[in-house]
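Let me begin by presenting the structure, written as C-alpha cells, before commenting on it.
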Amino acid sequence: DSGVTQTPKHLITATGQRVTLRCSPRSGDLSVYWYQQSLDQGLQFLIQYYNGEERAKGNILERFSAQQFPDLHSELNLSSLELGDSALYFCASSVAAKNYEQYFGPGTRLTVT
Amino acid sequence: GDSVTQMEGPVTLSEEAFLTINCTYTATGYPSLFWYVQYPGEGLQLLLKATKADDKGSNKGFEATYRKETTSFHLEKGSVQVSDSAVYFCALNSGGSNYKLTFGKGTLLTVNP
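Residue numbers (this note's numbering), protein chains in the order written: chain A, 206 to 318; chain B, 16 to 128.
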C-alpha cells in the first residue's frame, strides 16, 4: 500500500459526459501527478500540482482539467468524454515539487461507452 | 525530448531462471532512472532507482546499474519466482523544471512453476 488513495476504482459512463476522479496523496506529500495509461499510448504524464499550484503540464487535452485543494487532495475533471478516453488514470504523489520518487495510487479505470 | 525504450514482451521464464529486461534511454542532462512494477489489477510500485552514473539500484533481488556510456539501465534478477510475474516499467526523470516521469512501454513477465 503506497498510501495514495484514488476514488472511484471503476467508472463507466457514456460519450459526452463529464466525470471527476479524486486523489488523496500520501500524508506529508505536497506534490500530486496525474498519469493516463492506455493500451496504445502507454503511460503518459498529464499534469502536476505542488501545494495547490500547477507546476508542469504534459499531454493533457483541453477537455481535461485538474486542481489541488488546500487539504492537498486533487481532482481530475474529464469532460465531453470520447471513447478514446477509456483508460486507467493514476495519481502519484511525492514530498516536494522536485522529488524524483513518486508513489502511485491504485488507479481509476474509466470506461466510456 | 526524453524517451525510454525497453524490450518488448512478453517474457516467459521458468522459476529460478535468470532475468534480464533491457532498457535504454534518451534524455537531456543527467536523469534519474527507475524501475516500477505493476502486479495484475494494481497500481505501480517503485522497485528500484539510481540517481547518478554507475549507481546500482537494488531491491527484492532485482538489480539495475546506471550506465551513462551506454545510456542503459537493464533490470536483472538471478532467480525469478512465480510471484515476480508482473509488468515492469523503466522510467526516467530528467529533472530541471520538468518533474514528470517518462515511461517505457512496459514488459510483461510471466514466470511458470
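Idealized CB from N, CA, C, for every residue including glycine.
*asked:* Need the endpoints of the beta strand (DSSP E) that alanine 79 of chain B sits in, please.
replied: 77 to 80
*Stretch-stretch touch, CB-based, cutoff 8 Å, three pairs: the stretch 233 to 248 of chain A with the stretch 29 to 47 of chain B*: no
*asked:* Only counting the same chain, and skipping five residues up and downstream in sequence, which positions put a Cβ closer than 6 Å to that of leucine 123 of chain B?
replied: Gly24, Pro25 and Val102
*Go through its chain and collect everything with a Cβ distance to valine 300 of chain A's Cβ below 6 Å, but skip five positions before and after it.*
Asp234
*Rounded to whole angstroms, what's the CA-CA distance from glycine 257 of chain A to glutamine 222 of chain A? Just pull it up for me.*
26 Å
*Could you tell me which chain A residues have their CB closer than 8 Å to the CB of phenylalanine 104 of chain B, listed as they occur along the chain?*
Leu248
*Please classify glutamine 307 of chain A: is it buried, with 16 or more other beta-carbons within 10 angstroms of its beta-carbon, or exposed?*
Glutamine 307 of chain A should be labelled buried.
*asked:* Cβ closer than 8 Å: which chain B residues qualify as neighbours of alanine 295 of chain A?
replied: Note on residue identity: the sequence assigns phenylalanine, not alanine, to residue 295 of chain A. The contacting residues are Gly58 and Leu59.
*Who are the near neighbours of threonine 43 of chain B in its chain, counting only those whose CB is closer than 6 Å to its CB and skipping five residues on each side?*
Excluding sequence neighbours, threonine 43 of chain B sits near Ser109.
*What are the start and end residues of the beta strand (DSSP E) that includes glutamate 369 of chain A?*
With chain A covering only 206 through 318, there is no way to say anything about residue 369 of chain A.
*For phenylalanine 118 of chain B, decide whether its Cβ has a neighbour in chain A, counting only Cβ atoms nearer than 8 Å.*
With 8 Å as the cut-off, phenylalanine 118 of chain B counts as an interface residue toward chain A.
*Thinking just about the alpha-carbon of each residue, which of B:Phe49, B:Ser100 and B:Pro128 is nearest to the one in serine 73 of chain B?*
B:Phe49
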